[in-house]
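Everything below concerns the one structure shown next.
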Amino acid sequence: VCRGLSSSAVRNVAIKHLTVIGGGQMGAGIAQVAASTGHSVTLVDTNGEILKKAVKGIEGNLKRVAKKKFSDKPESGEEFIQKALQNVSTSTDAAAVVQGSDLVVEAIVENLKVKQDIFSGLDKLAPAHTIFASNTSSLSITDIASSTSRLDRFAGLHFFNPVPVMKLVEVIGTSATSQETLDCLLNFSKVLGKTPVSCKDTPGFIVNRLLLPYIIEAIRMYERGHGSKEDIDIAMKLGCGYPMGPLELADYVGLDTMKFIMDYWSAANPENPSFAQSESLNKLVAEGKFGKKTGEGFYKYK
Ligand code: CAA
Ligand code: NAD
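Rendered as structure tokens:
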């Protein structure tokens, strides 16, 4: 994948094996896409039950993809599913599996300290050539990377939900990320069938810096009683052609993740009203209503 690179440890790295840390909605999606494009993937989560659920979800989503991609050749579709599933293994111990990895993609909870702890531990165990990448939505890549000694081989690799469907990957470089690392990740994204864009390490990169204030403003509009949640969502779907309305999308992203992002940004920019606390978001999160993944958020899901 990354042949022809000119310098240091990443030279000649072809990403064949990756470790994906976090078996939630994003980690499972990243594992699925990597496995179905011929990479061997180890999916890691601290919770074995979540890993079982993730593999089941991957199988179900591969069936959806196969049905569409091989509509006239069901046997090829079955072969595609089996090949991809064979490429996925799971583990509850990242330290035990990172040795053989060319790339580690982290997709765990949106918390700086937890991400730093994971990476600082793995930094001592992973081979020198291994690239570390975070799928963080909002945290500074520079801050996460500072827990390691591989600053040149550390970047952001930001996928979008649902990963098998959304075509974009943001590749985020810090001032210390090497060009070889960035080229490698840009190429890797293309091999996954995605379109990468290059981003600076600024809060929210490109998409979330625009998307999150929009969603939060929609939540505030609902709090002010300026529209029902249904009307706000219908308005943005039919008025702007968006596939989901903003409240529906907040539920889809996860209200816990939304709150982690807003809390982090409001602490860093207390004077910016775009990032001020939202009462209804705080209440739903306090009640454990994280959106689609827990069955209830602004809306109820079966
Ligand atoms: N795996 C594989 N395929 C999937 C899938 C999955 N998890 N989810 C949906 N699909 C496929 C379906 O099979 C279907 O394919 P066909 O049209 O070929 O049959 C297609 O995607 C559409 O799915 P559905 O018919 O089930 O539903 P839909 O038309 O309502 O689309 C959606 C669902 C793709 C999620 C669409 O509503 C959408 O694009 N929503 C907006 C998503 C979005 O904005 N994501 C970004 C969130 S922000 C983010 O991710 C960044 C962050 O850091 C927070
Ligand atoms: P999620 O809650 O679905 O999954 C997180 C998973 O991480 C859970 O399964 C949890 O058990 C696991 N985990 C927590 N700590 C761990 C540890 N120390 N080691 C191993 N596993 C651990 O969350 P998600 O929506 O998949 O988001 C994951 C990351 O991706 C976050 O940083 C989030 O900001 C980012 N992200 C989310 C979206 C989205 O739309 N949800 C989109 C892009 C990026």
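Here full-length UniProt numbering is used: the first residue of the sequence shown is 49, the next is one more, and so on.
Even glycine gets a Cβ: it sits at the ideal position worked out from N, Cα and C.
Please state the DSSP three-state secondary structure of residue i.
i, result
"Phe-180", "strand"
"Ile-254", "coil"
"residue 351", "This structure does not reach residue 351, given that the chain is present from 49 up to 350, and the question cannot be answered."
"Val-49", "A caution first: Val-49 carries a pLDDT of 46, below 50, which makes its placement in the model unreliable, though a value can still be read off. Here Val-49 sits in coil by DSSP."
"Ser-55", "Low per-residue confidence applies at Ser-55: pLDDT is 45, beneath 50, and the placement is therefore not dependable enough to give any value."
"Gly-345", "coil"
"Lys-248", "strand"
"Ile-63", "coil"
"Ser-322", "helix"
"Gly-221", "strand"
"Thr-190", "helix"
"Val-211", "coil"
"Glu-158", "coil"
"Leu-170", "helix"
"Leu-216", "strand"
"Thr-196", "coil"
"Asn-330", "helix"
Contact check, residue i vs residue j under 8 Å by CB: the rounded distance?
i, j, result
"Ala-114", "Ala-76", "17 Å between Cβ atoms; not a contact."
"Phe-167", "Ile-192", "6 Å"
"Val-153", "Val-146", "Rounded, the Cβ-Cβ distance is 12 Å, inconsistent with contact."
"Phe-202", "Thr-225", "6 Å"
"Phe-338", "Gly-302", "5 Å"
"Leu-91", "Val-136", "6 Å"
"Asn-209", "Tyr-300", "7 Å"
"Ala-181", "Gly-148", "Going by Cβ atoms, the distance from Ala-181 to Gly-148 rounds to 17 Å, so no, they are not a contact pair."
"Arg-195", "Gln-164", "Contrary to the premise, residue 195 reads as Ser rather than Arg in this sequence. With 8 Å as the limit, Ser-195 and Gln-164 qualify as a contact, their Cβ atoms being about 4 Å apart."
"Thr-138", "Leu-99", "4 Å"
"Ile-69", "Ala-155", "7 Å"
"Asn-109", "Gln-80", "6 Å"
"Val-157", "Glu-218", "19 Å between Cβ atoms; not a contact."
"Leu-233", "Ile-179", "7 Å"
"Val-78", "Phe-236", "Rather than Val, the amino acid found at residue 78 in this sequence is Ile. So it is not a contact: roughly 11 Å between Cβ atoms."
Can you tell which of the options has its C-alpha closest to the C-alpha of residue i?
i, options, result
"Ala-266", "Ser-326, Val-146 and Lys-340", "Ser-326"
"Ile-309", "Met-292, Gly-289, Arg-112 and Val-333", "Val-333"
"Leu-329", "Ala-316, Tyr-347, Arg-257 and Pro-318", "Tyr-347"
"Gly-71", "His-87, Ser-84 and Ile-106", "Ile-106"
"Ser-84", "Glu-127, His-177 and Lys-100", "Glu-127"
"Asn-159", "Ala-79, Ile-189 and Phe-180", "Ile-189"
"Leu-170", "Ala-142, Ile-156, Gly-221 and Tyr-290", "Ala-142"
"Leu-187", "Met-306, Phe-236, Ile-63 and Pro-212", "Met-306"
"Pro-321", "Lys-285, Pro-291 and Arg-268", "Arg-268"
"Leu-216", "Leu-240, Val-89 and Ser-276", "Leu-240"
"Ile-220", "Gly-96, Lys-248, Val-211 and Tyr-349", "Lys-248"
"Leu-259", "Glu-271, Glu-228, Lys-242 and Leu-295", "Leu-295"
"Gln-73", "Gly-96, Pro-212 and Ala-132", "Pro-212"
"Thr-67", "Gln-80, Ile-78, Ser-124 and Val-89", "Val-89"
"Glu-228", "Met-214, Thr-250, Ser-276 and His-177", "His-177"
"Lys-341", "Met-214, Thr-243 and Leu-297", "Leu-297"
"Asn-95", "Ala-82, Lys-104, Thr-140 and Ser-119", "Thr-140"
"Asp-304", "Gly-345, Gly-289 and Met-284", "Gly-345"
"Ala-132", "Lys-104, Glu-271 and Ser-276", "Lys-104"
Answer yes or no: does any C-beta atom of chain B fall closer than 7 Å to that of residue i?
i, result
"Val-245", "The chain inventory of the structure shown lacks chain B, comprising one protein chain alone."
Q) In the region 68-113, which residue ranges form an unbroken alpha helix (DSSP H) of at least 4 residues, counting only runs that do not cross its ends? A) 73-84
Q: Tell me the start and end of each unbroken alpha helix (DSSP H) in the region 267-292 that is at least 4 residues and wholly inside, in chain order.
A: 277-288
(Q) To test your reading of the DSSP string, which unbroken alpha helix (DSSP H) runs of 4 or more residues are found completely within the region 294-318? (A) 294-301 and 303-316
**Q.** In chain order, each alpha helix (DSSP H) run of at least 4 residues that lies wholly inside the region 120-151
**A.** 122-134 and 142-145
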